[in-house]
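If you use my numbering, the sequence shown corresponds to residues 131 to 224, in order.
No residue lacks a Cβ here, since even glycine has one placed at the ideal position from N, Cα and C.
These numbers come from a predicted model, not from an experiment.
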Amino acid sequence: MNWILFAALFFVTWWLVLFVVLPFSLRTQDDDQDVTLGTISSAPRGPHMLRAFVRATIVTVIVMGVLYGLTMGLGFSFDDIMRIMPDFTPDASH
131 MNWILFAALF FVTWWLVLFV VLPFSLRTQD DDQDVTLGTI SSAPRGPHML RAFVRATIVT
191 VIVMGVLYGL TMGLGFSFDD IMRIMPDFTP DASH
């Protein structure tokens with residue numbers, strides 16, 4: 131896997147993981163019972179994006195490490211998915 135492909139996969143994976151970890155430990159204004167005038171009660175309370183970026187980066191590093199280990203260490207590739215998956219095609223003999 132060349133470094134450009136690895137960087138592209140890292141970016142796409144990081145972006146997807148960011149949306150997964152974004153709601154974790156999010157406190158809303160309604161949770162704190164302190165709603166600022168002119169905002170909705172479900173608005174986030176205080177900054178939390180830096181924590182979400184750090185969590186997304188950590189999870190992405192783990193996921194990409196597993197992917198790198200599977201591709202470089204064990205020699206798997208995307209072409210091997212068809213050999214790993216069971217054959218679900220209907221059998222004509224039944």
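Taking S172 as reference, the option from P153, T187, T190 and R185 with the minimal CA-CA separation is P153. Per DSSP, the continuous alpha helix (DSSP H) segment holding T190 begins and ends at M179 to Y198. Distance from the CA of V142 to the CA of V196, rounded to the nearest whole angstrom, comes to 16 Å. The Cβ atoms of F140 and M194 lie closer than 8 Å to each other. By the neighbour-count criterion, in which a residue is buried when 16 or more other Cβ atoms sit within 10 angstroms of its Cβ, A138 is exposed. Per DSSP, the continuous alpha helix (DSSP H) segment holding V147 begins and ends at W133 to V151. T190 sits buried, since 16 or more C-beta atoms from the chains shown fall within 10 Å of its C-beta. Cβ contact annotation for V147 (same chain, cutoff 6 Å, sequence separation greater than five): A186, V189 and T190, in chain order. The beta carbon of L200 lies closer than 6 Å to those of F206 in the same chain, with the five residues before and after it left out.
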